[in-house]
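Engineer:
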Amino acid sequence: MVCYRPLSQLLLPVLLVLGGPVATAQRILQRNFQPYFEAHELRGSFLLLDVSANQYTAYDLPRCRQGFLPASTFKIPNTLIGLETAAVRDTAEVFRWDGRVRSFAQWNQDMTLARALRVSCVPCYQQLARRIGAGRYQHWLPKLRFGRMVVTPTTIDSFWLVGQSRITQFEQINFLRRLQREQLPVSRRSQELTKTLLVLSRGPGWVMRGKTGWTMQQGHDNGWFVGWVEQGRKIYFFALNVEPKHAGPVTAKFVQGRRAVTEQILRQEFGLLSQ
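All residue numbers for the sequence shown refer to the numbering used here, where the first residue is -17 and numbers rise by one.
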């Protein structure tokens, strides 16, 4: 196993607001994780919050503070709002395929909300968005504090994929931390159901929850992987954002690299996800 050592480390004191009106002093340790990205022909940034140590670890800190379209990471708040407003009854409700054949074959079928999140079915969540409507989004999104979403009646089923909506990696972690603690201003049921859908893998003494995302705009691809690991009594939140290194056509290294890079960093640098 190759373990990349950091080229530089720097502790920065910061003042952040996490999940409430009380500001908490936290540290940011900057690390160089570039070799992990290079191995998958990616460039990007990585952010991790170790809750027990009250410390962030960041690779490319300025980029971690840069806003990007949320892509399918928006399926997390979208699920919460859908459940809370009864736009969807529960995670077993079926979304009917509209018959239009799309390039992602797994989308070309009827599926439950649970499966729609698992295979990141954009058409299913576009159906849900139209049920929710712009007015209810404009009511709920400020309450959830999920970045800066810009939604209008004309962009109701696309505002998380194109347009002016933005969220940073710090904001992703802030939101996920409040969800993990069930401190969002929605019912406990909505939060519990959503957290169950986010489970990706388990191992001895740990569980990982998360969601990927991918936007494609005029040849520019941007990808996410956000979530958290519960290992023993400790919790680690992560947010990765990447682009193809040479801005060329997307390959399997981009598609698979979002999760692969994250898991390699978590295992080799933080000792998480042990088999």
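In this text, a Cβ means the ideal position worked out from N, Cα and C, and glycines have one as well.
1. Using the beta-carbon count (16 or more within 10 Å), is N156 buried or exposed?
2. For P(-12) and N14, what's the separation of their Cα atoms in angstroms?
3. In terms of residue numbering, what span does the beta strand (DSSP E) encompassing S27 cover?
4. Indicate whether the contact test is met: 3 or more Cβ pairs, each with one atom in the segment 25 to 32 and one in the segment 220 to 239, closer than 8 Å.
5. What does DSSP give as the partner residue(s) for V224 in the beta ladder?
6. Using a Cβ cut-off of 8 Å (strictly closer), state whether T194 contacts chain D.
7. To the nearest angstrom, how far is the alpha carbon of Q48 from that of K235?
8. Per DSSP, which one or two residues make a beta bridge with V211?
9. Mind checking K125: buried by the 16 CB within 10 Å criterion, or exposed?
10. Answer yes or no: do A69 and R100 have a C-beta to C-beta separation smaller than 8 Å?
11. Residues in its own chain within less than 7 Å of N90 by CB, not counting five upstream and five downstream?
12. Inspect the CB distances between the segment 164 to 171 and the segment 138 to 152 and report whether three or more fall short of 8 Å.
13. Roughly how many angstroms separate the alpha carbons of I10 and D203, rounded to a whole number?
14. Please report the straight-line C-alpha distance between F265 and Q8, rounded to a whole angstrom.
Structural biologist: Result, derived from the coordinates:
1. buried
2. Because P(-12) carries a pLDDT of 42, less than 50, the predicted location of this residue cannot be relied on, and the following value inherits that uncertainty. P(-12) and N14: Cα-Cα distance of roughly 5 Å.
3. 24 to 32
4. yes
5. In the DSSP assignment, V224 forms a beta bridge with G26, G205.
6. As a matter of chain content, chain D is missing from the structure shown, which is built from one protein chain.
7. Taking the straight line joining both Cα atoms gives about 23 Å.
8. M190, Y218
9. exposed
10. no
11. Cβ neighbours of N90 beyond the five flanking positions: W79, V83, R84.
12. Output reads no: the segment 138 to 152 does not touch the segment 164 to 171.
13. 28 Å
14. The requested residue 265 is not part of the displayed model; the chain covers only -17 to 257.
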